[in-house]
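Residue numbers for the sequence shown follow the working numbering, beginning at 103 and rising by one. Note that beta-carbon positions come from the ideal geometry of N, C-alpha and C, so glycine has one too. Treat the numbers as computed from the prediction; the structure is a model and nothing was measured. Below is one structure; the comments refer to it alone.
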Amino acid sequence: APRMSRLIIVRHAQASFFDDDYDNLSDLGRQQSALLGKFWDQHGLNPSRVICGPRRRHRQTVELAAGEIGARETGWPEVEVREGFDEHKLDRLLGEPLEGLKELYPELRVLSDRHQAAETKSEKLRTFQLLFEAIGKLWREAAPGTEATQSWQEYKQGVIREIGEIVRNAEKNSTQVVVTSVGGVTAVLAEIVSRSDEQAFELGWRIRNSSVTEFVFSGRKITLDTFNNLAHLPEKQHWTFR
């Protein structure tokens with residue numbers, strides 16, 4: 103069989119959820135990134151391009167991983183920052199627009215109240231996820247009230263354009279690494295794997311921090327090879343969603 107090129111898409115490591123500054127890796131997130139780099143080093147990963155989204159958490163993940171790569175003749179390529187691999191702006195609907203959405207969709211009011219009332223961290227996370235998924239569904243369907251942020255379709259097309267550019271410019275049998283957020287991985291899954299935005303979102307909510315989703319490609323043909331892989335994190339206490 104002809105050798106294929108590899109496109110490795112990583113979700114950033116754990117950031118500081120519920121902190122004032124989310125866009126900063128937690129201590130565990132730093133550990134996840136370093137373990138990913140060690141794993142890549144052991145397996146001789148030698149990418150011809152390394153690309154990340156514009157957020158601090160994207161860059162921290164890739165830099166901490168690269169820091170674990172042994173001094174090889176070739177060294178790692180310079181990291182390219184691409185706006186198209188930013189996270190989607192769904193969280194903007196959690197701010198001021200949420201009040202209007204709660205008027206339009208009473209079920210959101212119930213979910214929002216439950217989240218406000220949550221006392222433990224695990225309950226906060228659980229109730230947040232339910233609220234976020236409900237808002238995500240409305241946003242994905244471009245429902246009234248969600249116009250305050252970039253649409254899912256527009257965001258997805260931006261990610262797919264970036265992927266197209268990578269695939270077009272890749273040399274044969276090369277490895278391309280991208281570090282992005284859940285939205286970036288979900289957009290690629292929607293385009294390449296499930297063809298259904300709804301199914302892609304279901305998969306997207308399962309994507310763990312620092313997990314590796316890998317595609318193989320040759321010419322224009324691109325295929326999912328592994329999804330949400332955590333081979334670099336053998337200890338289950340290192341597995342996180344947020």
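Excluding five sequence neighbours on each side, which residues of the same chain lie with their C-beta closer than 8 angstroms to the C-beta of residue 337?
In the sequence shown, counting from the first residue as 1, residue 337 sits at position 235. Listed in chain order, the non-local C-beta contacts of residue 337 below 8 angstroms within the same chain number zero, local neighbours out to five positions each way being set aside.
What did DSSP end up calling residue 188 once you bin it into helix, strand or coil?
Taking the first residue of the sequence shown as 1, we reach residue 188 at position 86. Coil.
For residue 330, which residues from the same chain have a beta carbon less than 7 angstroms from its beta carbon, with the 5 sequence-adjacent residues on both sides left out?
For this step, residue 330 is matched to residue 228 along the sequence shown. The beta carbon of residue 330 is closer than 7 angstroms to those of 308, 309, 310, 313, 315 in its chain, skipping five residues each way along the sequence.
Figure out for me which residue from 234, 222, 190, 152 has the closest Cα to the Cα of residue 210.
Looking up residue 210 in the sequence shown gives position 108. Proximity to residue 210 across 234, 222, 190, 152 peaks at 234, based on C-alpha coordinates.
Return the Cβ separation of residue 192 and residue 237 in integer angstroms, given the expectation that the two are a contact with Cβ distance under 8 angstroms.
Your numbering for residue 192 matches position 90 in the sequence shown. Your numbering for residue 237 matches position 135 in the sequence shown. The pair is a contact, with the Cβ atoms about 7 angstroms apart (cut-off 8 angstroms).
Could you give the distance in angstroms between the alpha-carbon of residue 345 and the alpha-carbon of residue 287?
Lying before the first or after the last residue shown, residue 345 is absent from the chain, which here runs from 103 to 344.
First and last residue of the uninterrupted alpha helix (DSSP H) at residue 271
As a first step, residue 271 must be located in the sequence shown, where it is residue number 169. Boundaries of the alpha helix (DSSP H) around residue 271: 254-271.
Mind checking which residues open and close the beta strand (DSSP E) that includes residue 317?
Stepping through the sequence shown from its first residue, residue 317 is reached at position 215. Run containing residue 317: 314-320, per the beta strand (DSSP E) assignment.
Within the same chain, show all residues whose beta-carbon is closer than 7 angstroms to that of residue 105, passing over the 5 residues directly before and after it, in chain order.
Along the sequence shown, read from residue 1 onward, the residue named residue 105 stands at position 3. The answer, listed in chain order, is 275.
When you compare only the Cα positions, how much space is there between residue 190 and residue 326?
On the sequence shown, position 88 is the one that residue 190 refers to. On the sequence shown, position 224 is the one that residue 326 refers to. Cα-Cα distance, rounded: 22 angstroms.
Report the three-state DSSP secondary structure of residue 97 (helix, strand or coil).
The structure shown does not extend to residue 97, since the chain is modelled only from 103 to 344, so the question has no answer here.
Looking at C-beta atoms only, is the number of pairs between the segment 252-272 and the segment 285-301 that lie closer than 8 angstroms three or more?
With contact defined as three or more Cβ pairs closer than 8 angstroms, the segment 252-272 and the segment 285-301 are in contact.
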